[in-house]
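Notes follow once the structure below has been shown.
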Amino acid sequence: MKEKLLSATAIIVILAALIGSLTWVNYLVAPQFSGGEELLVPWTAARAFLVEGNSPYALATAHKAQIAIYGQVAEAGEYPYHLDIPFYLLFLYFPFALIDNFDLARALWMSFAEIALFGIGFLCVYLTQWKTSRILSTLFYLSLLFGFYGLYPLIGGSGLIFTTLILLLCLVALREGWDEILGILLLFGTFRLQNGGLLFLLILFWLFITKRWRVFAIALMSLSVLFIISYMLLPDWFMPFLRSTLANLRAEQGFLFSEFLQIWQPDRGNLIAQILRWSVVVALFIEWRAARGKDFPRLIWVAGLSLAFLPFLNLRVSPLSYSALFLPLALVFKIAENRWGKRARWGIGLILTLLLGAWGLFSRFENALQILAYILPAFLVLALYWLRWWFIRPPRTWVDETAKLYK
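Our numbering applies: residue 19 is where the sequence shown begins, and numbers increase by one.
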C-alpha cells in the first residue's frame, strides 16, 4: 500500500514539474508568436461568466474578443469570433479563466496541449500497431510536436488538439470494449465534419452496426446530467449558443478545395472540385459499407481514409485540426514497413523530415497555408489506396512469404 502511494506521489510530482517547466518555457516563447485566437475566445467567454456574471454568448462578450484580436469590433466580412461551443464544454476552460493574464493562461494551456499532442502520437502508433526503429519513432514525434501540422494548432490555441485526442481515445475504448468510458468520451466529440466530425460519425456508425446500445445509453445519461447542470448555472444558454454557431458558420472561415483549385484553374477549378467531391462521397459510402462485420484494423483503415478524404469534400477546412492526420500517416508507415521492411524506412525518414521542414514553404509560396492544407491529405489518400491490398489481404505468393524472411 505504501509503495503504491509513493508511486502515485512520484507520478504527481513528476507531472507537476513537467507542466511547470513547460508553462515557464511557453510563457517566455508564446508572446513571440502571433495567434492564440482560438483560445482567447473561450477564455474571454469563461471570464465573462465567472468574473463578470455575464452570458458567455452575449454580443458584448464577443466584442471583447474581437477588440483583443482586431483592435476594434469586427467589421462586415471579418470573422466574428462568437463562442460556438456548448456551455458544458466551456467548463473545461474555467481553470484557465481564473488567470487574468492571458499570456500566462495561454502558456498553461499550451503545456496541456503539448502533452495532448504527445498523447496523440502515442495513440496513433498504438492503434495502428506500428513497430519501427527508435530513430523513426523519434522523428515521428518531432514532426508532430515541431512540424507544421502539430505546432500550427498549438500556436493558434486550438481546442481541436484535445478533440483529436478524445476521438483517438474513443477508438481505443471501442477496441477494448470499455463501454462506460466510451459513453462518456462521446460527449466531447463533434458533429462538425471539418473538425473531426467525420471520424465521430464513423464511430457512431460502428457502434450502431455492432449493436453496442449500452454505449448510447451511457452517453445519453451523461449528457442529460451535463445539460441539467448547464441549465442550473445558465438557464438560457442553448439558443444563444445556436445563434453564435450560425454567426460563425456564415463567416465562412477556412479553405475550400474549389477555391484552392481556382488559383491554378480559374475556369474549371470549381467543376473539378465538385466532381471530386461526389467521387469522395461515393468512395466513403463504399468503404464504410465494406467495413461492416470486419475486424478492428479494417475500421482503423477506414478511419484513416475518412480523415484524409475530408478536405476534398469541399468543406471549409483549416490545418488547425490536422494533427488527426497522424493516424493515417502512422498506418501508411506501418503497412509500408510490413511490406518492404528496412527499405521502407528510408522513405519514411524522408517523409518525416519533409514534414519537419514544411515551414519552409512559407518563404517560397504565397499560398503556402493552402498548399499545406491539401498536400498531406492528398498524399495520404494515394498512399492508403496504393497500400490497401497489402493491408486488407495477407501475402499469398511464395515471393511475398520469402521476402518477409529477409526483412
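Note that beta-carbon positions come from the ideal geometry of N, C-alpha and C, so glycine has one too.
The structure presented is a predicted model; accordingly, all values stated were derived computationally and were not measured.
Based on DSSP bridge pairs, tell me the residues matched to Val335. Your numbering for residue 335 matches position 317 in the sequence shown. Answer is Phe273, bridged to Val335.
Sequence-distant residues of its chain with Cβ nearer than 7 Å to Leu274 (five each side left out): Position 256 of the sequence shown, counted from the start, is the residue given in the question as residue 274. Excluding sequence neighbours, Leu274 sits near Asn332 and Arg334.
Our contact map puts Phe234 next to Leu225 with C-beta atoms below 8 Å; I'd like the distance itself, whole angstroms only. Position 216 of the sequence shown holds residue 234. Position 207 of the sequence shown holds residue 225. With 8 Å as the limit, Phe234 and Leu225 qualify as a contact, their Cβ atoms being about 7 Å apart.
Classify Ser339 as buried or exposed, calling it buried when 16 or more other Cβ atoms lie within 10 Å of its own Cβ. As a first step, residue 339 is located in the sequence shown; it is residue number 321 there, counting from the start. Buried.
Test item: CB-CB of Ser262 and Tyr106 under 8 Å: The residue labelled residue 262 in the question sits at position 244 within the sequence shown. The residue labelled residue 106 in the question sits at position 88 within the sequence shown. No; because the gap between Cβ atoms is not below 8 Å, this pair is not in contact.
C-beta contact flag for Leu116 and Ala63 at 8 Å: Translated into positions along the sequence shown, residue 116 becomes position 98. Translated into positions along the sequence shown, residue 63 becomes position 45. No.
How is Val417 classed by DSSP in three states: helix, strand or coil? Looking up residue 417 in the sequence shown gives position 399. Low per-residue confidence applies at Val417: pLDDT is 47, beneath 50, and the placement is therefore not dependable enough to give any value.
Whole runs of the alpha helix (DSSP H) within the region 273 to 352, excluding any shorter than 4 residues: 275 to 280, 287 to 308 and 314 to 327
Look up Gln50 in the DSSP assignment and say whether it is helix, strand or coil. As a first step, residue 50 is located in the sequence shown; it is residue number 32 there, counting from the start. In this structure, Gln50 counts as helix in the three-state DSSP scheme.
For Gly200 and Leu192, which I take to be in contact (beta-carbon distance under 8 Å), what is that distance rounded to the nearest angstrom? The residue given as residue 200 occupies position 182 in the sequence shown. The residue given as residue 192 occupies position 174 in the sequence shown. The question names Gly, but residue 200 in the sequence shown is Leu. Leu200 to Leu192, Cβ: 6 Å. Contact.
Which residue's Cα is closest to the Cα of Ile410: Val320, Ala326 and Phe397? What you label residue 410 is simply residue 392 of the sequence shown in a count that begins at 1. Of Val320, Ala326 and Phe397, the residue nearest in Cα terms is Val320.
Lys360 in three-state terms, based on DSSP: Within the sequence shown, the letter at position 342 stands for residue 360. DSSP places Lys360 in helix when its eight states are reduced to three.
Proximity to Met239 [Cα-Cα], best of Asn266, Ala265, Glu270 and Leu203: Start at 1 with the first residue of the sequence shown, and residue 239 comes out as number 221. Ranking the options by Cα distance to Met239, first place goes to Leu203.
If Gly207 sits next to Ser341, beta carbons under 8 Å apart, how far is it from one beta carbon to the other, in whole angstroms? The sequence position of residue 207 within the sequence shown is 189, counting from 1. The sequence position of residue 341 within the sequence shown is 323, counting from 1. No, Gly207 and Ser341 are not in contact; Cβ-Cβ is about 16 Å, not under 8 Å.
Is DSSP giving Phe105 helix, strand or coil here? Here residue 105 corresponds to residue number 87 of the sequence shown, with the count starting at 1. Correct three-state label for Phe105: helix.
Check each candidate in Ser52, Asn72 and Ser242 and name the one with the smallest Cα separation from Ala86. Counted from its first residue, the sequence shown places residue 86 at position 68. Checked all of Ser52, Asn72 and Ser242; the closest Cα to Ala86 is Ser52.
Mind checking Arg124: buried by the 16 CB within 10 Å criterion, or exposed? In the sequence shown, the residue the question calls residue 124 occupies position 106. Buried is the call here.
So what does DSSP say about Ala246, is it helix, strand or coil? The residue labelled residue 246 in the question sits at position 228 within the sequence shown. Going by the sequence as given, residue 246 is Ile instead of Ala. Looking at Ile246 - three-state DSSP - the assignment turns out to be helix.
Would a C-beta distance cut-off of 8 Å place Ser161 and Leu343 closer than the cut-off? Translated into positions along the sequence shown, residue 161 becomes position 143. Translated into positions along the sequence shown, residue 343 becomes position 325. Result no, Cβ atoms of Ser161 and Leu343 do not sit closer than 8 Å.
Give the range of the alpha helix (DSSP H) segment to which Val59 is assigned. Along the sequence shown, read from residue 1 onward, the residue named residue 59 stands at position 41. From DSSP, the alpha helix (DSSP H) with Val59 extends over Glu55 to Leu68.
Limits of the alpha helix (DSSP H) - the one that Arg193 falls within: Working through the sequence shown from its first residue, we reach residue 193 at position 175. Run containing Arg193: Leu178 to Glu194, per the alpha helix (DSSP H) assignment.
Kindly indicate if chain B contains any beta-carbon less than 8 Å away from that of Tyr106. The chain labelled as chain B is not found in the depicted structure, where only one protein chain is given.
Where the alpha helix (DSSP H) containing Gly215 begins and where it ends: The residue labelled residue 215 in the question sits at position 197 within the sequence shown. Start and end: Gly215 to Ile227.
Inter-residue Cα distance where the pair is Trp416 and Trp358: Here the question's residue 416 lines up with position 398 in the sequence shown. Here the question's residue 358 lines up with position 340 in the sequence shown. At Trp416 the pLDDT is 46, less than 50, meaning the model places this residue with poor confidence and gives no usable figure here.
For Leu58, tell me which candidate among Phe114, Leu33, Ala92 and Gly71 has the shortest Cα-Cα distance. Counting from 1 along the sequence shown, the entry for residue 58 is found at position 40. Residue Phe114 is the option with its Cα nearest to Leu58.
How would you write the range of the alpha helix (DSSP H) that Gly137 sits in, first residue to last? Taking the sequence shown and counting its residues from 1, one reaches residue 137 at position 119. Start and end: Phe120 to Thr146.
Closest by CA to Trp407, which one among Asn356, Phe330 and Gly311? Looking up residue 407 in the sequence shown gives position 389. The shortest C-alpha separation from Trp407 is found at Asn356.
Just verifying my parser: in three-state terms, what is the DSSP assignment at Leu203? Here residue 203 is taken as the residue at index 185 of the sequence shown, counted from 1. Three-state result, Leu203: helix.
Express the C-alpha separation of Leu264 and Ser176 in angstroms, rounding to a whole number. Looking up residue 176 in the sequence shown gives position 158. Looking up residue 264 in the sequence shown gives position 246. Approximately 19 Å, taken between the alpha carbons.
Could you please give the first and the last residue of the uninterrupted alpha helix (DSSP H) stretch that includes Phe160? Within the sequence shown, the letter at position 142 stands for residue 160. Here residue 160 turns out to be Leu, not Phe, going by the sequence shown. Leu160 -> alpha helix (DSSP H) spans Arg152 to Phe164.
Determine, using beta carbons only, whether Gly139 and Leu185 come nearer to each other than 8 Å. Taking the first residue of the sequence shown as position 1, residue 139 is located at position 121. Taking the first residue of the sequence shown as position 1, residue 185 is located at position 167. Going by C-beta atoms, Gly139 is not nearer than 8 Å to Leu185.
State whether the region 152 to 159 contacts the region 311 to 330, with contact taken as three or more CB pairs (one from each stretch) at a distance under 8 Å. no
Who are the Cβ neighbours of Gly367 in its own chain at under 8 Å, not counting the five residues just before and after it? Looking up residue 367 in the sequence shown gives position 349. Excluding sequence neighbours, Gly367 sits near Ile153, Leu154 and Leu157.
Check whether Ala48 and Asp121 have beta carbons under 8 Å apart: Working through the sequence shown from its first residue, we reach residue 48 at position 30. Working through the sequence shown from its first residue, we reach residue 121 at position 103. Cβ atoms of Ala48 and Asp121: closer than 8 Å.
Close Cβ partners of Leu302 (< 7 Å) along its chain, the five nearest in sequence each way excluded: In the sequence shown, the residue the question calls residue 302 occupies position 284. The residues are Ser324 and Phe327.
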